[in-house]
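Residue numbers (my numbering), protein chains in the order written: chain S, 97 to 422; chain P, 97 to 422.
2 protein chains.
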Amino acid sequence: MRVAILGYGNLGKGVESAVRQVPDAELKAVFTRRDPADLKLNTPGVPVYSVDDVEVHKDEIDVLIICGGSATDLPKQTPEYVKYFNVIDSFDTHARIPEHFANVDKAAKENGHIALISCGWDPGMFSLLRLYGNCVLPEGQDYTFWGKGVSQGHSDAIRRVEGVKNGKQYTIPVPEAIAAVRNGENPTLTTRQKHTRECFVVPKEGADLAKIEHDIKTMPNYFDEYDTTVHFITEEEFARDHAGIPHGGFVFRSGVTGFNKEHKHVIEYSLKLDSNPEFTSSVLVAFARAINRLHNEGVNGCKTVFDIAPAYLSPLSGEELRAHLL
Amino acid sequence: MRVAILGYGNLGKGVESAVRQVPDAELKAVFTRRDPADLKLNTPGVPVYSVDDVEVHKDEIDVLIICGGSATDLPKQTPEYVKYFNVIDSFDTHARIPEHFANVDKAAKENGHIALISCGWDPGMFSLLRLYGNCVLPEGQDYTFWGKGVSQGHSDAIRRVEGVKNGKQYTIPVPEAIAAVRNGENPTLTTRQKHTRECFVVPKEGADLAKIEHDIKTMPNYFDEYDTTVHFITEEEFARDHAGIPHGGFVFRSGVTGFNKEHKHVIEYSLKLDSNPEFTSSVLVAFARAINRLHNEGVNGCKTVFDIAPAYLSPLSGEELRAHLL
């Protein structure tokens, strides 16, 4: 499988690294909106091209992994580049998935390509676990918790607060809420009861710390519905303790069976990830393998993780999978 | 979807119950090796037929759910009944899956039917999680733990011990082993370090308790490689505290990513089931939906859970799934 990356940020670098860990993929090119001469890859010998030149390379690539942002990049990029390539993205604006799907599906079918959108862990692996959970326990409740981990959106938000030099926000699931769900209690949980938010802030010199804390804690949409803690730290502490991008979370399905619905069942899936972008990238590469195979079988159009039979994700044969993993 | 059950034991009753919990399935018949007149179903109006008459009813059923045992029933039943129906089974003798697959695949293709074998939770949901884990973390380790739950095989084994009137065996994962795996330590674990076995035994009157305990703890294959505890209880205590068939377990995938493999990731999936047969049955009904749909699309032959795109398991449309579960 010949893979190319579009966008060389954290996610693009994660894909570059993930490709090295599989036996059947080769990184053929990186496309960038920056000046290609400015990019220094971690993999020697792989060419960097301007995104303006993608079309020239359309026959050299089996799957283009689009590593743009969901807010403004992917809604334009995925329907555009599926004209030239099979593509995969990690579009994660849940509310806009139907619209994005329709746009990508149309362009993919018009050009005989296959696309897979909204891949990663949420949406992605978590979505799969929600789907399996709903199907095998049709009478039940879903719970998703995120964290402990870094929310990029909330970290960006605190960095925009007046007087803040640098900052990072961790989303933390409330242990008592998780315990109640795990125990099959089917609690009804408010936003505040599900997650807390912890902020590590490097203030600018002379900044009003009380005002920063107040501005963060009362910020609408981001923090006002949560119990938020703000810690002020130095730039050195920030660099030492908060350089990583860990994340994770939990998906639960809690349900009942039996003629009198007398038996409870709890399904729990959790991720504990040292690097959110690298794990997301690993998922993208596995699903890239699947869509490349499906395209070779003549399948076109837009897909999601729900449409991919799991065997397509593995480099092993059906015989090997049945013998070793079933 | 018109469903029939073959074999009305714990699993067959579970299927009968599970069918009631889904909007799109109807129980059309139960087939039995016993005298049909002796069977009293929980669902009024459903006919019970002798298994000798299955062929007569072949056009009335979309999927036959075969609820026999793996040791001797399913290796014969599944290849036989796939001649007349689309079928699904829960064949769980891992080592013999390739052989069973080949036999069922041949008969299914010769008769234009679809079969799904080895469905349930292990093999089944646990297999899926092992496969997904291996694909998204290609460099890593797998761990599967079972329990706390009732092992039917081990319970049967202790009931065969001289002086034992009744007995039940619980398989229990070792908490320290789970903690080490969850913590990303990638331990190498012996059989003894992974699980303990706890037996509740009702002795016959005047039986030699010390001999029973010794015979259980030293039983080859079943107990000799484990730390086993034996409790002697009364028939009343047995009925009060050990009537259920709970089970569960854990699947872990622990792996690394990064250019220097510097980031650890732990994926954990766990089941906590009040009723092993009812949960297994729920999984069977969801996959029965999938194979019925695939058969309507013209797909034949033997499949496993690895071959089923998750969307086929749900009564919801693709649009609904993308809008609500992705």
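Yeah, the Cβ is synthetic: ideal placement off N, Cα and C, and Gly gets one too.
Everything numeric in this text was worked out from a predicted model, so none of it was measured.
- For ASP169 (chain P), the secondary structure class from DSSP, reduced to helix, strand or coil, is helix.
- DSSP places GLN248 (chain P) in the helix class (H, G or I) of the three-state scheme.
- Note on SER413 (chain S): under 16 other CB atoms within 10 angstroms of its CB, so exposed under the neighbour-count rule.
- Chain S places no beta carbon closer than 8 Å to that of TYR104 (chain P), leaving this residue out of the contacts.
- Here GLU309 (chain P) is near VAL326 (chain P), since their CB atoms are less than 8 Å apart.
- CA-CA distance, VAL111 (chain S) to GLY354 (chain P), rounds to 10 Å.
- Within the model, the alpha-carbon separation for VAL147 (chain P) versus LEU380 (chain P) is close to 20 Å.
- GLY351 (chain S) and ASN106 (chain S) have their C-alpha atoms roughly 38 Å apart.
- Within chain S, the residues PRO406, ALA407, LEU409, SER410, LEU417, LEU421 have their CB atoms less than 8 Å from the CB of LEU227 (chain P), given in chain order.
- Put simply, of P:ALA386, P:ARG116, P:PRO283, P:TRP217 the residue whose alpha carbon is nearest the alpha carbon of THR139 (chain P) is P:ARG116.
- If you look at THR376 (chain P), you'll find it in the alpha helix (DSSP H) that goes 372–392.
- Within the segment 128–178 of chain S, the beta strand (DSSP E) runs of at least 3 residues that lie entirely inside it are, in chain order, 144–146, 159–162.
- The segment 195–204 of chain S makes no contact with the segment 230–241 of chain S: fewer than 3 CB pairs, one atom from each, lie closer than 8 Å.
- Under the three-state reduction of DSSP, LEU285 (chain P) is assigned to coil, being neither helix nor strand.
- Against chain S, the CB of LYS205 (chain P) has no partner CB under 8 Å away; the residue lies outside that interface.
- Judged by DSSP in its simplified three-state form, CYS231 (chain P) adopts helix.
- Distances from the alpha-carbon of ARG278 (chain P) to those of P:ASP320, P:VAL347, P:GLN265, P:TYR145 put P:VAL347 closest.
- Using beta-carbon distances, PHE355 (chain S) counts as an interface residue toward chain P, with a partner under 8 Å.
- In the displayed model, PHE402 (chain S) falls within a helix according to three-state DSSP.
- By the 16-neighbour rule on beta-carbons within 10 angstroms, ALA191 (chain P) is exposed.
- Among the residues of the segment 336–366 of chain P, those with a Cβ less than 7 Å away from any Cβ of chain S are THR353, GLY354, PHE355, HIS359, LYS360, HIS361, VAL362, ILE363, GLU364, TYR365, SER366, in the order of the chain.
- Under DSSP, LEU212 (chain P) shares a beta bridge with P:ILE184, P:LYS399.
- Neighbours of LEU369 (chain S) in chain P, taken as residues at a C-beta separation under 7 Å, are given in chain order as HIS361.
- Residue-level contact by beta carbon fails for ASP120 (chain S) and chain P, as no gap is shorter than 8 Å.
- In this structure, the beta-carbon distance from PHE383 (chain P) to ILE254 (chain P) does not fall below 8 Å.
- Of the residues P:GLU331, P:LEU212, P:ASN396, the one whose Cα lies closest to the Cα of CYS163 (chain P) is P:LEU212.
- LEU102 (chain S): not part of any alpha helix (DSSP H); member of the beta strand (DSSP E) spanning 98–102, first to last residue.
- Contact check for PHE241 (chain P) and GLY345 (chain P): beta-carbon distance about 5 Å, within the 8 Å limit, so the pair qualifies.
- Within the segment 289–317 of chain P, no residue has its Cβ closer than 8 Å to any Cβ of chain S.
- Distance between LEU422 (chain P) and PHE296 (chain S), taken at the CA atoms: about 31 Å.
- Within chain S, no residue has its CB atom less than 9 Å from the CB of GLU151 (chain P), the nearest being about 29 Å off.
- Annotated three-state conformation of ALA114 (chain P) is helix, per DSSP.
- Listed along chain P, the residues sitting closer than 7 Å to ASP403 (chain S) by beta-carbon distance are ALA405, ALA407.
- Around ALA114 (chain S), the beta-carbon contacts reaching into chain P at under 7 Å are THR353.
- A check of alpha carbon separations from GLY236 (chain S) across S:ASN282, S:PRO171, S:VAL159 identifies S:ASN282 as the nearest.
- For VAL347 (chain S), the enclosing beta strand (DSSP E) starts and ends at 343–353.
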